[in-house]
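What follows is a short report on a single structure.
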Amino acid sequence: MTGMIDKVAVIGSGVMGAGIAAHCANAGCEVLLLDIV
Numbered sequence: 019m020t021g022m023i024d025k026v027a028v029i030g031s032g033v034m035g036a037g038i039a040a041h042c043a044n045a046g047c048e049v050l051l052l053d054i055v
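Start counting at 1 in the sequence shown, then tack on 18, and there's your number in our numbering.
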């Protein structure tokens, strides 16, 4: 498998979810961050 990941969805915007989303965004991925309000 040689495909690149270019879109990421993170469910949960707590400390860990926000960190994962930020890391993916800094790597150039399109990020969707979802959480319950």
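We put the CB at the ideal spot given by N, CA and C, even for glycine.
Less than 8 Å between the C-beta atoms of residue i and residue j, yes or no?
i	j	result
Gly30	Asp53	yes
Cys42	Asp24	no
Val55	Val26	no
Which same chain residues, not among the five before or five after residue i, have their C-beta less than 6 Å away from its C-beta?
i	result
Leu51	Val28, Ser31 and Ala39
Just verifying my parser: in three-state terms, what is the DSSP assignment at residue i?
i	result
Ala45	coil
Ile29	strand
Only counting the same chain, and skipping five residues up and downstream in sequence, which positions put a Cβ closer than 8 Å to that of residue i?
i	result
Gly35	Val28, Ile29, Leu51 and Asp53
Thr20	none
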